[in-house]
Structures are given as C-alpha cells and as structure tokens.
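S.K.: Numbering (our numbering), first residue to last: 106 to 914.
1. Starting from residue 268, follow its DSSP beta bridges and name the residues at the other end.
2. To the nearest angstrom, how far is it from the Cα of residue 553 to the Cα of residue 471?
3. So what's residue 316 in DSSP terms, helix, strand or just coil?
4. Do you know offhand how far residue 220's Cα is from residue 284's?
5. Given residue 630, which residues of its chain have a CB within under 7 Å of its CB, disregarding the five upstream and five downstream residues?
6. Excluding the five sequence neighbours on either side, which residues of its own chain have a C-beta within less than 6 Å of the C-beta of residue 904, listed in chain order?
7. Rounded to whole angstroms, what is the Cα-Cα separation between residue 786 and residue 662?
8. Quick check on this structure: which residue in 411, 534, 770 and 578 has the alpha carbon closest to the alpha carbon of residue 179?
9. Of the choices 547, 339 and 279, whose alpha-carbon is the least far from that of residue 460?
10. Touch check for the segment 500-507 and the segment 237-255: three-plus C-beta pairs under 8 Å?
11. Buried or exposed: where does residue 296 fall if 16 or more other Cβ atoms within 10 Å of its Cβ makes it buried?
12. Using 10 angstroms around the beta-carbon of residue 856, count the other beta-carbons present and answer buried if the total reaches 16, otherwise exposed.
13. Report yes if the CB atom of residue 712 is closer than 9 Å to the CB atom of residue 666, and no otherwise.
14. Using the Cα positions of residue 690 and residue 697, report the straight-line distance between them to the nearest angstrom.
15. Measure the Cβ-Cβ separation of residue 358 and residue 223 and say whether it is below 9 Å.
16. Hey, how far is the Cα of residue 706 from the Cα of residue 773?
17. For the alpha helix (DSSP H) holding residue 691, just list the boundary residues, first then last.
18. Grab the span of the beta strand (DSSP E) containing residue 227 for me, first residue to last.
19. Starting from the N-terminal side, write out each stretch of the alpha helix (DSSP H) that is 4 residues or longer and does not extend beyond the segment 480-541.
20. Straight-line CA distance for residue 293 to residue 176?
21. Work out the CA separation of residue 496 and residue 480 for me, nearest whole Å.
22. Rounded to the nearest angstrom, what separates residue 686 and residue 594 at their Cα positions?
23. Given a cut-off of 9 Å, decide if residue 394 and residue 204 are closer than it, judged by their beta-carbon atoms.
24. Report the three-state DSSP secondary structure of residue 290 (helix, strand or coil).
25. Of the choices 336, 210, 151 and 897, whose alpha-carbon is the least far from that of residue 609?
26. Whose CA, out of 131, 582 and 559, lies closest to the CA of residue 91?
27. Among 617, 569, 537 and 625, which residue has its Cα nearest to the Cα of residue 323?
28. Whether or not the segment 267-274 and the segment 449-469 are in contact is what I'm after, with contact meaning three or more pairs of Cβ atoms, one per stretch, closer than 8 Å; do they touch?
29. Shortest alpha-carbon distance to residue 248 belongs to which of 265, 207, 264 and 261?
30. Assign residue 367 to buried or exposed, taking buried as 16 or more other Cβ atoms, counted over all protein chains shown, within 10 Å of its Cβ.
31. First and last residue of the beta strand (DSSP E) that includes residue 136?
32. When we look at the beta-carbon of residue 877 and count the other beta-carbons within 10 Å, is it buried (16 or more) or exposed?
33. Where do the ends of the beta strand (DSSP E) carrying residue 801 lie?
34. Going by DSSP in three states, residue 342 sits in which element: helix, strand or coil?
35. At a cut of 8 Å, does the segment 308-317 reach the segment 509-520 through at least three beta carbon pairs?
36. Find out if the Cβ-Cβ distance for the pair residue 884, residue 808 is shorter than 9 Å.
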C-alpha cells in the first residue's frame, strides 16, 4: 500500500497522469458484457508490467544450474562412455591425425610462420574442444582461410612496425580473438552470428580460395620476387609475366597437384564400383595428403642427401632456429639446429604496442573464425541428426584460441576438410580429438627432422588442392541467380572487391550490403487491402475408380485475398468488399518505425479516395483552407462512395511495435475521425498476439470503442466468442490485487469465480461455468482472427447505417 502511495506521490510531483489509460477506456464495458453473457465466464486481460519484465531478466537458481551444465556438455556423455565408442574414436582420431599433420604444416606457411606452428595450433584445438564442444564431427585447427588472414595481419602490422616478430603478432592476435570469443560465448550471444547471411560467407570463402591459390602459384613455379601481398589479380599477372623464370620447383608442385587429384578421382570411382568397401576407399582418399607429403619428402631426401647443398636444387622448408623468425626475412631457407617438441610453450609475449596495432584487424578475423566454425558444426549436426549450441561452440572456439599462444600456436577454427574426414572415419564422440592430439605430439617429437626436407612447392600444391573444393561451383551460382538475383549481384561484388582490392573488404562489403538490403525490404514492405471471396472446397466423391467421377462440395466460407492480386492466387477470382465503408488492410511484414510512414500514407490515400465525408467542411473564407488542400471532390463524383465506417488491420505478420509506429496510428486515427465527423471510425485488430503490443495499442486508445461519441457508444452492439473451459485447476501467475483476471456473469457469482492466468492455457474453476469468453471483454476490438474482426466491423457498420437511415432504434 505504501509503495502505491509513493508511486502516486512521485507521479503527482512530476506531473505524470497515471490515469490516462483509464480515462480513454469508455466506462461500462464490463457491465455490458456481464449483462450480455449472464453466467458465462468473462475474461479480463491482464496487461504485462515493467516489474514482470524485470523479473524475467533476473536469473533463477534453476537457470544458473542449467547454465553450468550446458557450459560443460562433456559431463553429460562421459558417464555413458563405453568400449565401443572408444574403439570408434581411436580409429577416427588416428585417421584425422594423419590428415591434420600435413595440412597444419602447409597452412602455417600461409600464416607467415614455420610448419611447426601449424602443429602447435592444431594440438590446442584437438586437446581442448572435447570438453566444451557440442559436435562430434568437427576438427578445430589450422585452416586455409584463417591462416591467410593471419598472414595478412602479420604482414600489415609488421610493415607498420618492423621490430615485431611474426610469432608475437600471431600470438597477440590469437589471444585477443580468444578473449573476445570467450566473452561472447559465456554471455550466450551466439545468436548474433545470424545477422551475417549466407551469401557474404559464400563469397568470402570463394574469394579467400582464389586469394590463397594466387599466393601459392609463385611458389609452385619457383618464381622469386613476387609480391604475394598485392591484390590477387596483380599476383596472377606478375606470375604469368615471370613464367619464363620458373625453376625445378614447378615439377614438384605440379606433380603433387596431379597426384592428389588422381588419387581422389580413383578412390571416388572405386567407391561407386565397390559400395561394400566404400568406407575403405574413403579412408584411403583421406590419407592422400599424408601419402603425397611422405613421397615428396623421400624424393627431396634422395635428391639432397644428408648434407644438403646451399642453395638446394629446389626450395625446401629447412630447420628454423627459435627466435630468428622476424618480419622482412625469409627464414624458411635457414638451416639451423633446433630441438623437437613444443619449443614455443610458455607464457606468450603480450605487448600493448602490438595489441594496439592488431586491434584494428581483430573484427574481420574474429567474424570469419566464428562463421567458419559454426557453419561447419551446424552442417555436421544436420547431416548426423543432432543439434549444436552456437554459443557453446563459440566458448570452445574462444578457449582454444586463448590456449593456443601458450603452446606456440596461432588462431584456429573448424576445418572443412578435416571435419569431413573425421565424420567419414566413424567418429562416435568429441573425445576423438585426444587421439588426434597424440598423433600431433608424435609428429612434433619424432618427425621434426623430416620437416627439413619438405619441398615448399609440394606444400603449396597441397594447399591449392585443399582450397579448390571451397570455391562455389557454377551450379550453386545459378541457383543463387534463380533464388534471389540481387543477392547474386552482392556475391559478385564481394568476390570482385576481394580480387581487385583486399580480402578484408569482402566480408565488410557483403555484410553491409546484406543489411542495407534487409532494411530496404523492411522499409518498403507495404501491405495491401484485401477483399472477400466466397469459396467452396471440392473433393472426390467416390472411391470407385470405374464409377463416374463425382464431387462433394463442403460448406462455403470466406477467404480474404488482395485486391491488387500480387499474391499467388488466381487473378480471375471475383473479390468484393466486406461491406461499404469497411476496409481490411493486411500487413505483409513487421510494423515498425522504418515502414510506418509508408503504411500510414497508403491507408490515408486509399481510404479518402474511396469514401466520402460524413459532413461538409465549413470555412468562413476560402483562404482559411490549407495551401496544399485541394478541397473536397464534387458531390456528383463522390455521391456513390460510402461513408468511412471501420478499418480492420490484420497483424498476423506483426509481433512487436514501437513508439513511432503507435504514434503513426494515433495521428491517422485523429485524421480519420475529423474526416468522418461527427461519427468516429472503428479500428479493429486481428491476430495481435504479443502482450506488449496489445498493451501499447490499448494505452494509445485502441482495442475498444471510443468514448468521444457517447451516443454512438450507447448504440454499439458488442460481440464475443466463447468456448468450453477445462476443469483441472492450475497455479496462477501474479495478478493485480484489485482486479480479477477472470470473472463470471455477476458480482455475487464472482465471489467464488474461476480465475485465469494470462501466461497459461488452463483455467482454475469452481465448476460454476462451463464456458467463457476467449478474448478479453475489455478489449472487444482485439480479435482472434481476421474472420472475427471483419464480422464485428461489418455488424457495427450495418447497425450505424440503419441508425443513420432512420431504421434503427
């Protein structure tokens, strides 16, 4: 009680009228409904409150416990882990380990680092993802796109401040990405990625593939002195001009590509010819990368021997001394001793100067990492019939990127190719990552010496072979054109700007154009006036095929179709207005501040063009008329038009409304009331389901007959829909203490009356009433569907016409 007194006192001091809504609502609505319904239950709508909204934001104990459970999904399935799952994970983990090792080494070169850094990066994803991840088929590690972005960041930051090493720049970028992604994941903001549509992602992946291949072509042909950081078109032109300078590396690079493609095509044909051994051929195909890498390492060893010449016959990786990999050098030709294992493990160097330099590059990298990872996780989930949690996937991705610099790695994300291999290898749980981590540890401690002989042209051939599959095929582009030509043009623009300018601008341009397209569609999503057609459903009347075909026609019903016939219905169907002076307007999309002006203009112009004023305008002088008001039409032209009686708005496509849109409806209502004076225009709403939207409209004076015309209000004839109620009682949600949400027909009966909770679908009843109103009697102009709304509007309009003609009472 004291709280209400304090609120009223504060409102009085500030000059706030808290009774505005009560003053707008005409008195006697409940009394008239009670008199009409008798013992039938009478539902009074309970409006949502700000306190209720705030209480929904407060986390509960159950919600906090559920948050902790979902943060560690591995705890739910580890207790059910069994030997059969262990065997499947072991085989799949070893298989993917053999695939990841050569890929990781190749992609590290794209990042401007040595091959060992790729193994460090893949290790963090493999050893950590199973704890937080919700997909069994995804592999977190090095990727072509991610490594390319890191390489570009390393070059740009290094060119601005040459005293930073490549490792420090890559580690700082990974740390910042990890912190950012972990924050978004822990705050459960994974839904934000839905703002980035598919077309910019597809364009970026294609553009990145073209960029990657262009940067690897000079290495394939052994051509030096090509600026690989130039736009792809420039790199391709410079490479073509320098083809006469190609060296023996071309034989290694081209033969590796031919070998990889040959093995894949052979295994694909054998899968078709021997379906019973399909899995065997799939595994063999997935191991083609490891086989090719081992083969060319052997060739390189045979060519160079244990004491390689300087310079070598073709460029090889060589050994890199720790701490000697700085910007501006090409240390991949250095030959210095190094120890095997995790040579970069420890606390990474974090310098504020590096962080400031990297910060501007962070958004593009973080966005691409998330998009690539979640897209793969969702695709695998759809393929194998399980669901993934995007927010939890971002947690796993953020944790892996945060841990990666501590073992010497750089940014990591889900890998398209490796995930596909893991899925086909029969993985059973995310624990398979631990077994692939063992393979990476083995490579780091036992095979480090072999890295010395890897031909750089073979690594480039492996990269080109891997990224070729990421280019969007022509058939998909044709589908884009058929589905949405404007989005196809956005795809073209994104790829073009990446080829002729920079890959970073590709994703920015794609997202910007997609958002602009969305806003334009929302802003220009106008509605349409609908008419009524009488329809009959025709069905086959007999099951006897030999008998003469017969038709059964069910009862007729009204259907509502657009007058402009821009929908998919038959344009030859005859449409009629529901009743002279009653107009039905259907919104095709949301109703908000972006498009409200368009809807209001359409409504105003159409209603005034198709109706006539109820009374003549009175001006003492002609100069009193507004300069932009041409005046009324002649009576000869408008005598056949009806008076404006009612407007029905179909809000089935509308969920939320804002202050601007409500104000637009208020302004239109005031204008129409002046136009229809001394009468008022009834506003009926169909399919308004959102409680806050209903509250906003009711506070603006919609939902019930206006009290401005007492005579018309007295002659208004209400109409209600009732339905049976169920008997079992349910607990109610909090309700205003001074108002029952559900009452029966009389005050005496309401002492033990049923109650209704607005948030439920059941009634708490004493058995006194067997039926109740479906909609609130204090909101008679908010209707369940369009049929009810039109019926009520037509009924009231017909009643007004009878009164105006002298036939009514």
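Cβ atoms here follow ideal geometry from the backbone N, Cα and C, with glycine treated the same way.
M.R.: Let me spell this out:
1. For the purposes of this step, residue 268 is taken as residue 163 along the chain shown, with counting starting at 1. Beta-bridge pairing links residue 268 to no other residue.
2. Residue numbering aside, residue 553 sits at position 448 when the chain shown is read from its first letter. Residue numbering aside, residue 471 sits at position 366 when the chain shown is read from its first letter. Going from the Cα of residue 553 to the Cα of residue 471 covers about 31 Å.
3. In the chain shown, residue 316 corresponds to position 211, counting from 1. Residue 316: helix per DSSP, three-state reduction.
4. Counting from 1 along the chain shown, the entry for residue 220 is found at position 115. Counting from 1 along the chain shown, the entry for residue 284 is found at position 179. Going from the Cα of residue 220 to the Cα of residue 284 covers about 25 Å.
5. If you number the chain shown from 1, residue 630 lands on position 525. Around residue 630: 693, 694 and 700.
6. Translated into positions along the chain shown, residue 904 becomes position 799. 822, listed in sequence order.
7. Here residue 786 corresponds to residue number 681 of the chain shown, with the count starting at 1. Here residue 662 corresponds to residue number 557 of the chain shown, with the count starting at 1. The alpha-carbon atoms of residue 786 and residue 662 are separated by roughly 27 Å.
8. As a position in the chain shown, residue 179 is number 74, starting the count at 1. Of the listed residues, the one whose Cα sits closest to residue 179 is 534.
9. By 1-based counting over the chain shown, the position of residue 460 is 355. Per the Cα distances, 279.
10. yes
11. As a working note, residue 296 is residue 191 in the chain shown. With fewer than 16 other Cβ atoms within 10 Å, it is exposed.
12. As a position in the chain shown, residue 856 is number 751, starting the count at 1. In this prediction, residue 856 scores a pLDDT of 38, lower than 50, which makes its location untrustworthy; no coordinate-derived value is stated.
13. As a first step, residue 712 must be located in the chain shown, where it is residue number 607. As a first step, residue 666 must be located in the chain shown, where it is residue number 561. Their beta carbons are not under 9 Å apart, which means residue 712 does not touch residue 666 by this criterion.
14. Here residue 690 corresponds to residue number 585 of the chain shown, with the count starting at 1. Here residue 697 corresponds to residue number 592 of the chain shown, with the count starting at 1. Approximately 16 Å, taken between the alpha carbons.
15. Stepping through the chain shown from its first residue, residue 358 is reached at position 253. Stepping through the chain shown from its first residue, residue 223 is reached at position 118. Contact flag unset, no.
16. Position 601 of the chain shown, counting from 1, holds the residue named residue 706. Position 668 of the chain shown, counting from 1, holds the residue named residue 773. Cα to Cα, the separation comes out at about 9 Å.
17. Counting from one through the chain shown, the residue named residue 691 turns up at place 586. Note, residue 691: premise wrong, no alpha helix (DSSP H); beta strand (DSSP E) at 687-691.
18. As a working mapping, residue 227 is identified with position 122 in the chain shown. Premise fails: residue 227 lies in the alpha helix (DSSP H), 220-237, not in any beta strand (DSSP E).
19. 495-508 and 521-529
20. If you number the chain shown from 1, residue 293 lands on position 188. If you number the chain shown from 1, residue 176 lands on position 71. In a straight line, the C-alpha of residue 293 is about 10 Å away from that of residue 176.
21. One-based indexing of the chain shown puts residue 480 at position 375. One-based indexing of the chain shown puts residue 496 at position 391. When rounded, the distance between both Cα atoms is 13 Å.
22. The residue labelled residue 686 in the question sits at position 581 within the chain shown. The residue labelled residue 594 in the question sits at position 489 within the chain shown. Cα to Cα, residue 686 sits roughly 45 Å from residue 594.
23. Here residue 204 is taken as the residue at index 99 of the chain shown, counted from 1. Here residue 394 is taken as the residue at index 289 of the chain shown, counted from 1. Yes, the pair counts as a contact, with Cβ atoms nearer than the cut-off.
24. Locating residue 290 in the chain shown gives position 185, where the first residue counts as 1. If DSSP states are grouped into helix, strand and coil, residue 290 belongs with the helices.
25. In the chain shown, the residue the question calls residue 609 occupies position 504. For residue 609, the nearest C-alpha among the options comes from 336.
26. Residue 91 lies beyond the range of the chain shown here (106 to 914); nothing can be said about it.
27. Stepping through the chain shown from its first residue, residue 323 is reached at position 218. Checked all of 617, 569, 537 and 625; the closest Cα to residue 323 is 569.
28. yes
29. Taking the first residue of the chain shown as position 1, residue 248 is located at position 143. The residue with the shortest Cα to Cα distance from residue 248 is 207.
30. Position 262 of the chain shown, counting from 1, holds the residue named residue 367. Residue 367 is exposed by the Cβ-count criterion.
31. Translated into the one-based positions of the chain shown, residue 136 becomes position 31. Element bounds for residue 136: not the beta strand (DSSP E) but the alpha helix (DSSP H), 134-142.
32. Translated into positions along the chain shown, residue 877 becomes position 772. Under this definition residue 877 is a buried residue.
33. Reading the chain shown from its first residue, position 696 is the one you call residue 801. Where residue 801 is concerned, there is no enclosing beta strand (DSSP E), although the alpha helix (DSSP H) it sits in stretches over 796-804.
34. Along the chain shown, read from residue 1 onward, the residue named residue 342 stands at position 237. Note: residue 342 maps to helix in three-state DSSP.
35. no
36. For this step, residue 884 is matched to residue 779 along the chain shown. For this step, residue 808 is matched to residue 703 along the chain shown. Contact: yes.
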